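Following: one structure in structure tokens, then a few remarks.
2 protein chains.
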Amino acid sequence: MSKLAAQPLYRQVLREVMAAIEAGEWDEDESLPSETDLAKRFGVSQGTVRKALDALVADAVLYRRQGVGTFVAGTSDFLLRGLFTTPAGADGVKPSVELLSCVKIHAGEQLAEILGLRRAAALWQVRRLLRVGGQVIGLEEMLLPEANFPSLEMRRIRELKGNLRELCWRDFGVRLKDGQVRYRAVLAGQTEARLLMTDVNEPLLQLVRLAVDFEGRPQVWSVAWLRTEELAFEPPVLSPQV
Amino acid sequence: MSKLAAQPLYRQVLREVMAAIEAGEWDEDESLPSETDLAKRFGVSQGTVRKALDALVADAVLYRRQGVGTFVAGTSDFLLRGLFTTPAGADGVKPSVELLSCVKIHAGEQLAEILGLRRAAALWQVRRLLRVGGQVIGLEEMLLPEANFPSLEMRRIRELKGNLRELCWRDFGVRLKDGQVRYRAVLAGQTEARLLMTDVNEPLLQLVRLAVDFEGRPQVWSVAWLRTEELAFEPPVLSPQV
DNA sequence: GTTACATCTTTTGTCTTATATAAGACCTGT
DNA sequence: ACAGGTCTTATATAAGACAAAAGATGTAAC
Numbered sequence: 001m002s003k004l005a006a007q008p009l010y011r012q013v014l015r016e017v018m019a020a021i022e023a024g025e026w027d028e029d030e031s032l033p034s035e036t037d038l039a040k041r042f043g044v045s046q047g048t049v050r051k052a053l054d055a056l057v058a059d060a061v062l063y064r065r066q067g068v069g070t071f072v073a074g075t076s077d078f079l080l081r082g083l084f085t086t087p088a089g090a091d092g093v094k095p096s097v098e099l100l101s102c103v104k105i106h107a108g109e110q111l112a113e114i115l116g117l118r119r120a121a122a123l124w125q126v127r128r129l130l131r132v133g134g135q136v137i138g139l140e141e142m143l144l145p146e147a148n149f150p151s152l153e154m155r156r157i158r159e160l161k162g163n164l165r166e167l168c169w170r171d172f173g174v175r176l177k178d179g180q181v182r183y184r185a186v187l188a189g190q191t192e193a194r195l196l197m198t199d200v201n202e203p204l205l206q207l208v209r210l211a212v213d214f215e216g217r218p219q220v221w222s223v224a225w226l227r228t229e230e231l232a233f234e235p236p237v238l239s240p241q242v
Numbered sequence: 001m002s003k004l005a006a007q008p009l010y011r012q013v014l015r016e017v018m019a020a021i022e023a024g025e026w027d028e029d030e031s032l033p034s035e036t037d038l039a040k041r042f043g044v045s046q047g048t049v050r051k052a053l054d055a056l057v058a059d060a061v062l063y064r065r066q067g068v069g070t071f072v073a074g075t076s077d078f079l080l081r082g083l084f085t086t087p088a089g090a091d092g093v094k095p096s097v098e099l100l101s102c103v104k105i106h107a108g109e110q111l112a113e114i115l116g117l118r119r120a121a122a123l124w125q126v127r128r129l130l131r132v133g134g135q136v137i138g139l140e141e142m143l144l145p146e147a148n149f150p151s152l153e154m155r156r157i158r159e160l161k162g163n164l165r166e167l168c169w170r171d172f173g174v175r176l177k178d179g180q181v182r183y184r185a186v187l188a189g190q191t192e193a194r195l196l197m198t199d200v201n202e203p204l205l206q207l208v209r210l211a212v213d214f215e216g217r218p219q220v221w222s223v224a225w226l227r228t229e230e231l232a233f234e235p236p237v238l239s240p241q242v
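Taken in order, these protein sequences are the chains called A and B.
Counting from 1, one number per residue, gives the positions in the first sequence under the UniProt record's numbering.
Counting from 1, one number per residue, gives the positions in the second sequence under the UniProt record's numbering.
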């Protein structure tokens with residue numbers, strides 16, 4: 001292992017492992033070589049490899065099973081994650097994503113700032129719809145720097161069933177993870193109501209997030225509007241009685 | 001150190017350290033003994049103490065500064081945490097909490113299930129209001145098992161400026177951390193509107209959370225309604241143009 | 001006297017070695 | 001066929017040695 005120094009060993013190992021994953025050396029849900037083997041390969045001890053893998057497990061890039069092995073984790077879509085109470089959506093209904101549009105636009109001042117780009121840099125604007133059991137549940141707009149994702153085709157997005165996170169990973173080697181996430185409640189305007197096929201002034205959960213790559217660089221900025229009334233949530237709230 | 005076995009050493013150390021913190025052996029922001037000293041005290045190696053402290057740092061019970069020491073972290077309130085962009089609230093405005101009520105009620109079926117209590121167990125129902133710069137921003141209802149928090153007095157809550165998390169900690173030795181958190185958007189009903197001093201049908205962010213102690217046992221169930229329009233959020237959303 | 005700088009001490013952080021524990025595969029006797 | 005060892009290979013834990021960072025302290029130059 002090349003000792004660039006100025007950086008702890010386990011950090012270098014982490015990078016090397018990440019690079020190997022990005023190079024497609026091991027497939028999704030495929031087991032990596034054992035910690036001992038990786039240790040030999042990088043010329044460090046098992047404990048050091050372990051510390052590197054620990055960090056990747058914490059970032060949900062890998063998962064482990066004692067006595068069995070360490071595996072590459074899949075890349076499920078952000079939008080669909082953590083919205084439902086049951087793991088795969090209640091009642092056996094499967095959420096699906098419909099791609100609405102994918103066009104090139106130019107970054108405004110604030111957005112360029114947030115994504116660390118020069119002003120008016122080229123961006124992909126991707127819009128998609130989240131459906132659950134036939135009903136439209138959410139609308140999302142995502143903005144990606146064109147520089148990092150040069151050829152973003154609608155065909156390809158459709159191929160991956162709208163899973164942009166997987167696309168970023170497979171086609172561009174960028175592994176996204178959640179950065180900041182902000183929530184707020186808003187009323188549906190005309191545009192949102194039309195796209196969500198619901199009424200103006202329905203309350204919507206607005207989700208603003210900045211996804212970063214595993215080095216912490218901002219990569220995708222997105223806003224989603226969700227009809228939370230319809231979601232299979234926890235038992236509803238107590239009746240106020242004050 | 002008593003070797004109960006069936007549990008790794010570092011886990012036992014973790015418990016002992018946690019117990020010492022609960023016993024008030026070290027104050028908030030006070031430094032613990034060095035890892036080497038703790039190692040001597042518990043009769044284990046520094047590395048083992050380190051692994052125990054690692055876990056507590058991950059749970060934000062402790063924080064560390066290389067070359068300086070390890071310190072007991074404070075207990076800021078849940079409600080106020082992570083809502084603002086700037087660390088202490090924008091524009092120098094300080095959020096404050098007003099206690100509305102604190103009464104004893106009986107658990108419904110679902111709630112008893114969630115909190116792991118028998119049906120109709122006694123609960124404290126605490127209601128409080130979040131103010132920012134004079135304006136009412138949020139309303140929260142919290143439910144705590146009376147068994148775990150026997151004497152909950154309004155006077156005491158007021159003393160701690162409404163910080164229930166700190167109260168649970170100081171008076172009952174229960175260190176709370178976030179468990180599940182769910183978000184949804186709802187419209188203000190008459191009750192919420194009246195208490196929040198706003199209009200019916202304003203969109204509100206509803207936050208349902210279950211706080212657990214550091215052993216993972218559910219302790220506090222709460223619902224909050226927040227006026228997110230007023231919060232100092234990220235730059236507002238792009239104008240839809242589809 | 002004060003300041004710049006080296007050095008010492010104490011602390012957390014990293015790394016290796018050795019050993020324990022978990023899981024599954026493979027025997028092997030009934 | 002199947003129940004139960006035991007072998008192999010994985011991750012998990014523990015201890016000790018050493019490195020790096022931060023602050024305190026001493027000291028020479030001015």
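Here a beta-carbon is modelled for each residue, glycine too, at the ideal position from N, C-alpha and C.
Because the structure is a prediction, the values reported are computed rather than measured.
For residue 203/A, the chain B residues whose C-beta falls within less than 8 Å of its own C-beta are 185, 186, 187, 203 and 204, listed in chain order.
Put simply, of 24/A, 222/A and 95/A the residue whose alpha carbon is nearest the alpha carbon of residue 210/A is 222/A. According to the DSSP assignment, residue 69/A belongs to the beta strand (DSSP E) that extends over 69-72. Residue 160/B is a Cβ neighbour of residue 167/B, given a cutoff of 8 Å.
Distance between residue 96/A and residue 29/A, taken at the CA atoms: about 23 Å.
Within 9 Å of the CB of residue 48/B, no CB atom of chain A is found; the nearest one sits about 13 Å away.
Annotation: the continuous alpha helix (DSSP H) that includes residue 47/A extends over 46-58. Beyond the five residues adjoining it in sequence on each side, residue 184/A comes within less than 7 Å, by CB distance, of 206 in the same chain, given in chain order.
Taking the Cα positions, residue 208/B is about 16 Å away from residue 130/B.
With three or more CB-CB distances shorter than 8 Å, the region 19-36 of chain A counts as touching the region 61-77 of chain A. Exposed is the label assigned to residue 156/A, since fewer than 16 other Cβ atoms lie within 10 Å of its Cβ. Nearest in C-alpha terms to residue 21/A, of all of 214/A, 229/A and 225/A, is 214/A. Chain-ordered listing is empty here: chain B has no CB closer than 7 Å to the CB of residue 70/A, the nearest sitting near 19 Å.
Restricting attention to 202/A, 56/A, 178/A and 76/A, the CA atom closest to the CA of residue 19/A is found in 56/A. DSSP places residue 111/A within a helical segment (H, G or I) once states are collapsed to three.
When C-beta atoms of the region 139-152 of chain A are compared with those of the region 164-178 of chain A, three or more pairs fall below 8 Å, so the two segments count as touching. Looking at the DSSP output, residue 203/A sits in a beta bridge with 187/A. Using beta-carbon distances, residue 228/A counts as an interface residue toward chain B, with a partner under 8 Å. Around the beta carbon of residue 200/A, fewer than 16 other beta carbons sit within 10 angstroms, so the residue counts as exposed.
Following the DSSP letters along the chain, one finds residue 154/B inside the alpha helix (DSSP H) bounded by residues 154-159. Between the alpha carbons of residue 191/B and residue 108/B lies a distance of about 21 Å. The three-state reading of DSSP puts residue 127/A in strand, counting E and B together. For residue 15/A, the uninterrupted alpha helix (DSSP H) segment begins and ends at 9-22.
By the Cβ neighbour-count rule, residue 178/A is exposed, with fewer than 16 other Cβ atoms within 10 Å of its own. Collapsing the DSSP output to three states places residue 211/A in a strand.
Take residue 38/B, set aside five residues on each side of it, and the residues of its chain with a beta-carbon closer than 6 Å to its own are 49, in chain order.
Taking 8 Å as the cut-off, the Cβ atoms of residue 66/A and residue 148/A do not count as close.
In the DSSP assignment, residue 40/B falls within the alpha helix (DSSP H) that extends over 35-42. Assignment of residue 225/B by DSSP, reduced to helix, strand and coil, places it in the strand class.
The closest CA to that of residue 112/A, considering only 134/A, 145/A, 98/A and 138/A, is found on 145/A. In this structure residue 196/B does not touch residue 143/B by the C-beta definition: roughly 20 Å separates them, more than the 8 Å allowed.
Straight-line measurement puts the Cα of residue 188/A at about 9 Å from the Cα of residue 225/A.
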